[in-house]
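Trainee: Top line first, the protein sequences correspond to chains A and B.
Numbering follows numbering that gives the first Met the number 0, in which position 106 of the first sequence is assigned residue number 105; successive positions increment by one, without gaps.
Numbering follows numbering that gives the first Met the number 0, in which position 157 of the second sequence is assigned residue number 156; successive positions increment by one, without gaps.
Idealized CB from N, CA, C, for every residue including glycine.
My questions will all concern the structure given below.
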Amino acid sequence: MIEARGLTKRYGQKTAVAGIDFTVQPGKVTGFLGPNGAGKSTTMRMIMGLDRPTSGTVTVNGRPYAQLKSPLTEVGALLDAKAVHSGRSATNHLRAVAATHGIGRKRVDEVIEMTGLQAVAGKRVGGFSLGMGQRLGIAAALLGDPRTLILDEPVNGLDPEGVLWVRNLVKHLSSEGRTVFLSSHLMSEMALTADHILVIGRGRIIADAPVADIVAGASGTRVRVRSPQAGRLAELLQGPDTTVTSVEAGLIEVTGATAEAVGELAARDGVVLHELTPVAASLEAAYMSLTADDVEYHSAPTGAGTTVQQGTAPASTPQEARR
Amino acid sequence: MSATATVPATRAAARPSGDTRVTFGRLLRSEWIKLWSLRSTWWVLPITVVAQAGIAWMIAYFGVQQFDESGMDYTVTAGDIVGGIQFAQLAICVLAVLAITGEYSTGMIRSTLSTSPTRTPALLAKGLVVVAVAFVTGVVGTLVSWAVTYPVLGEAHRVDLGLEMNQRILLGAPLYLAAIALLAYAIGALLRHSAGALATVLGLLLVVESVFALIPWAFFEKISPYLPMSAGSQLVMSDNPDAVLGPWEGYGVLVAWGVVALAAAAVLLKRRDA
């Protein structure tokens, strides 16, 4: 269990984290989403006692991290895959970390095996790929068999097999009643892995809800309508609560009206419909709509589209793709 | 690797059990593993010993040759035998600085502080390991120096081990290296950057001290004997009634430099974000 109360971090004039409150519950996977610079890493570093909060508190299993007598068995963290001396072998890195808690060589070999690092365990970490570095970081996080796991971008740089492995691992760990808190910029990955989601933007928590709720909240009322009489239908639909956008000839998108309402209206006026599709928002779309105003670094007008394409975007319409 | 994609077994027979609290002894063990699992340690320490003994041999060989030619009456002291630590200290400083700045440059410091969240014990444990290794290296270097100079000096110039001064110097050489390592380590912990810390340590020992000693103004003449190397090296020099500081006083000043610098580093380590 991780609890933050009024957690704030300022660097000079700049506020990285602005008085956030949240609780990460045991027994489920909690995803931490946010655009670059939103405060994800700063928050995780404050949880781990690496950065000192300007004000507010954050506790792990009821205590500030710095008060934990045996931190590795309470919290395992992958904060930065490069938190390893590049001149040391993976085995020796893990031995050194384990030694601080009196954890023996047997457990070191065990986490090496669990993370599939046997072949490279004796090699110096400097030559590791990003994916191997992530596996080593996860191995270190698992050393103490901790009750709480904090993983910052754990699937970064992993191959598809590694991504699947991380997904199974975190689900398995949470099923054992542990607290799992992971950040990722891959929305699609989060949709498959997380049970609960915290969205942070500009240092504030802008959503804190189960994955299903977040998707439901954003999949409002967009309906795709294909009709040879699209222009006529658009006129009929015009109203204070609805907006109609023309996607291409004979294809419109309606926001603010349900598929049923559109269908009934069309039937009443004898408009022929070729297609009537409610567009369910993906987690990705939900995230985009939530963070639209909170993106720290806008990357040109096409920025949003680029991000969408990184993950799988089941609900991306032709309109979105072209935008 | 495909085996890892199945449901991972996180629990097994060897999962940590019993007392897993972080203790100072365990931090020492961790720092010991860290030091010896870097290649740099394995070449810096032999270089230190070779430098110390090599210089000692040269001093003995060419010194004896000169005195024999000039026919002067001269007594070789232990100070001549440990003369090599002037060079050995540079290698030890590099080791001590990199022991801590290497953690910052690679990001390892975040792993270190995560496992030792109160921070100060980790700083002290690493410092103790570095100082102890510097001392033992100094012992080895001094023994090898003695061995290689023994045949060169011959019966005529044998160092009198019965003299208290010579005993003090031979014991003082490893102690001096240990104290210099402490200062270098503390400066590394203060500055956190390898290049900056190495430049500061070597600049202080090689440039600042010589410059201060050269400038004939009263202010510099007053300060000069209290600078780390000038003060500490009194311990490995022959008795000199004119010296401002006695051997052990001078050594105390060097240790004080290291302790104050390490205390400052500890305060900053507590305060700064890692």
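Count the other CB atoms, across all protein chains shown, that sit within 10 Å of the CB of B/V266; report buried if there are 16 or more and exposed otherwise.
Mentor: Taking the second sequence and counting its residues from 1, one reaches residue 266 of chain B at position 267. The residue is exposed, with fewer than 16 neighbouring Cβ atoms inside 10 Å.
Trainee: Beta-carbon separation of A/A140 and A/A76 under 8 Å?
Mentor: The sequence position of residue 140 of chain A within the first sequence is 141, counting from 1. The sequence position of residue 76 of chain A within the first sequence is 77, counting from 1. Yes, they are a contact pair.
Trainee: Comparing the C-beta of B/S110 with each C-beta of chain A, is any distance below 8 Å?
Mentor: Position 111 of the second sequence, counting from 1, holds the residue named residue 110 of chain B. So, interface residue.
Trainee: Please list the terminal residues of the continuous beta strand (DSSP E) segment that includes A/F21.
Mentor: The residue you call residue 21 of chain A lines up with position 22 of the first sequence. K13 to V23 is the span of the beta strand (DSSP E), which, as asked, contains A/F21.
Trainee: In chain order, what are the residue ranges of uninterrupted beta strand (DSSP E) at least 3 long that sit wholly in the segment 65-150 of chain A?
Mentor: Correct list: 74-77.
Trainee: Residues of chain B with CB closer than 7 Å to the CB of A/R51, please, in chain order.
Mentor: Stepping through the first sequence from its first residue, residue 51 of chain A is reached at position 52. Chain B residues near A/R51: D272.
Trainee: Between the beta-carbon of A/P277 and the beta-carbon of A/T178, is there less than 8 Å?
Mentor: The count along the first sequence starts at 1 and reaches residue 277 of chain A at position 278. The count along the first sequence starts at 1 and reaches residue 178 of chain A at position 179. In this structure, A/T178 does not lie closer than 8 Å to A/P277 by Cβ.
Trainee: Short of 6 Å in beta carbon distance, which residues of its chain neighbour B/A180, apart from the five on each side in sequence? Order them along the chain.
Mentor: Along the second sequence, one-based indexing puts residue 180 of chain B at 181. Excluding positions up to five away in sequence, the list reads I91, A95, V129, V130 and A133.
Trainee: If you measure from the beta carbon of A/L78 to each beta carbon in chain B, is any gap under 8 Å?
Mentor: Your numbering for residue 78 of chain A matches position 79 in the first sequence. A/L78 counts as touching chain B.
Trainee: Against chain B, does A/V179 count as a neighbour if the rule is that its beta carbon must be under 8 Å from one of theirs?
Mentor: Start at 1 with the first residue of the first sequence, and residue 179 of chain A comes out as number 180. Chain B contact via Cβ: absent.
Trainee: Please compile the residues from chain B whose C-beta is within a distance smaller than 7 Å of the C-beta of A/M47.
Mentor: Here the question's residue 47 of chain A lines up with position 48 in the first sequence. Those within 7 Å of A/M47 in chain B are S113.
Trainee: Cα-Cα, which of B/A52, B/L112, B/A50 and B/S29 is closest to B/R306?
Mentor: Summary: the structure shown does not reach residue 306 of chain B, with chain B confined to residues 0 through 273, and so no result is reported for it.
Trainee: Contact defined as beta carbons within less than 8 Å: I believe A/I1 pairs with A/T147. What is the distance between those atoms, to the nearest angstrom?
Mentor: Walking along the first sequence from the start, residue 1 of chain A turns up at place 2. Walking along the first sequence from the start, residue 147 of chain A turns up at place 148. About 7 Å; that satisfies the 8 Å criterion.
Trainee: Whole angstroms is fine: what's the gap from B/E138's alpha carbon to B/A255's?
Mentor: On the second sequence, residue 138 of chain B is found 139 positions in, with the first residue counted as 1. On the second sequence, residue 255 of chain B is found 256 positions in, with the first residue counted as 1. In the sequence as displayed, the identity of residue 138 of chain B is Val instead of Glu. Whole-angstrom Cα-Cα distance: 22 Å.
Trainee: Interface residues of chain B around A/R94 at Cβ under 8 Å?
Mentor: Counted from its first residue, the first sequence places residue 94 of chain A at position 95. The contacting residues are I32 and S36.
Trainee: Can you name the residues of chain A whose CB is closer than 9 Å to the CB of B/P45?
Mentor: For the purposes of this step, residue 45 of chain B is taken as residue 46 along the second sequence, with counting starting at 1. Correct list: empty, because the minimum Cβ distance to chain A is about 17 Å.
Trainee: A/T241 and A/E252 - do their beta-carbons sit closer together than 8 Å?
Mentor: In the first sequence, residue 252 of chain A corresponds to position 253, counting from 1. In the first sequence, residue 241 of chain A corresponds to position 242, counting from 1. No, these two residues do not count as a Cβ contact at 8 Å.
Trainee: Closer than 8 Å by beta-carbon distance: list the chain B residues that pair up with A/V28, in chain order.
Mentor: Taking the first residue of the first sequence as 1, we reach residue 28 of chain A at position 29. Near A/V28 there are no residues of chain B at all, since even the closest Cβ is about 14 Å away, more than 8 Å.
Trainee: Which same chain residues, not among the five before or five after A/V210, have their C-beta less than 8 Å away from its C-beta?
Mentor: The count along the first sequence starts at 1 and reaches residue 210 of chain A at position 211. Same-chain partners within the cutoff: G30, M189, A190, A193, D194, H195, I196 and L282.
Trainee: Tell me where the beta strand (DSSP E) around A/L181 begins and ends.
Mentor: Counting from 1 along the first sequence, the entry for residue 181 of chain A is found at position 182. From DSSP, the beta strand (DSSP E) with A/L181 extends over T178 to S182.
Trainee: Can you pull the chain B neighbours of A/G101, defined as C-beta to C-beta under 7 Å?
Mentor: Within the first sequence, numbered from 1, the residue matching residue 101 of chain A stands at position 102. Those within 7 Å of A/G101 in chain B are D18, T19 and R25.
Trainee: Please list, in chain order, all residues of the same chain as B/F66 whose beta carbon is under 6 Å from its beta carbon, the five residues on each side excluded.
Mentor: In the second sequence, the residue the question calls residue 66 of chain B occupies position 67. Excluding sequence neighbours, B/F66 sits near Y73.
Trainee: By alpha-carbon positions, which one of A/N91, A/G161 and A/E73 ends up nearest to A/M113?
Mentor: The residue given as residue 113 of chain A occupies position 114 in the first sequence. Residue A/G161 is the option with its Cα nearest to A/M113.
Trainee: Using the C-alpha atoms, what's the distance from B/A155 back to B/M228?
Mentor: Taking the first residue of the second sequence as 1, we reach residue 228 of chain B at position 229. Taking the first residue of the second sequence as 1, we reach residue 155 of chain B at position 156. Looking at the two C-alpha atoms, the distance is approximately 32 Å.
Trainee: Which residues in the same chain have their Cβ closer than 8 Å to the Cβ of A/I323, if we skip the five residues on either side of it in sequence?
Mentor: The displayed coordinates of chain A run from 0 to 322. Any statement about residue 323 of chain A would go beyond what the structure contains.
Trainee: Determine, using beta carbons only, whether B/G126 comes closer than 8 Å to chain A.
Mentor: Walking along the second sequence from the start, residue 126 of chain B turns up at place 127. No, its Cβ sits nowhere closer than 8 Å to a Cβ of chain A.
Trainee: Kindly examine the ligand ZN and report whether one of its heavy atoms sits closer than 7 Å to the Cβ of A/I137.
Mentor: The model depicted lacks the ligand ZN and carries no ligand whatsoever.
Trainee: Leaving out the 5 sequence neighbours to the left and right, which residues in its chain are closer than 7 Å to B/W145 when beta-carbon positions are compared?
Mentor: The residue you call residue 145 of chain B lines up with position 146 of the second sequence. Within the same chain, B/W145 has close Cβ partners I80.
Trainee: Would you check if the distance between the CB atom of B/T136 and the CB atom of A/K81 is smaller than 8 Å?
Mentor: In the second sequence, the residue the question calls residue 136 of chain B occupies position 137. In the first sequence, the residue the question calls residue 81 of chain A occupies position 82. Their beta carbons are not under 8 Å apart, which means B/T136 does not touch A/K81 by this criterion.
Trainee: So, at 7 Å on beta carbons, what are the nonlocal neighbours of A/G130 in its own chain, with the 5 sequence-adjacent residues on each side left out?
Mentor: Indexing the first sequence from 1 puts residue 130 of chain A at position 131. These residues qualify, in order along the chain: G156, L157, D158 and G161.
Trainee: At 9 Å on the CB atoms, spell out the chain B contacts of A/N60, in chain order.
Mentor: Here residue 60 of chain A refers to the residue found at position 61 when the first sequence is read from its first residue. Going along chain B, no residue has its Cβ under 9 Å from A/N60, so there is no contact; the nearest lies around 14 Å.
Trainee: Report the partner residues of A/K8 according to the DSSP bridge assignment.
Mentor: Within the first sequence, numbered from 1, the residue matching residue 8 of chain A stands at position 9. Looking at the DSSP assignment, A/K8 forms a beta bridge with A/V16.
Trainee: For B/R25, is the classification buried or exposed, using 16 other Cβ atoms within 10 angstroms of its Cβ as the cut-off for buried?
Mentor: Residue 25 of chain B sits at position 26 when you count from the first residue of the second sequence. Flag for B/R25 reads buried.
Trainee: Curious, which full-length alpha helix (DSSP H) runs of at least 4 residues does the segment 168-225 of chain B contain?
Mentor: Fully enclosed alpha helix (DSSP H) runs of 4 or longer: 193-201, 208-213 and 217-222.
Trainee: Whole angstroms is fine: what's the gap from B/E68's alpha carbon to B/M57's?
Mentor: Position 69 of the second sequence, counted from the start, is the residue given in the question as residue 68 of chain B. Position 58 of the second sequence, counted from the start, is the residue given in the question as residue 57 of chain B. Between B/E68 and B/M57, the C-alpha separation is close to 16 Å.
Trainee: Count the other CB atoms within 10 Å of the CB of A/T56; is the residue buried (16 or more) or exposed (fewer)?
Mentor: As a first step, residue 56 of chain A must be located in the first sequence, where it is residue number 57. A/T56 comes out exposed.
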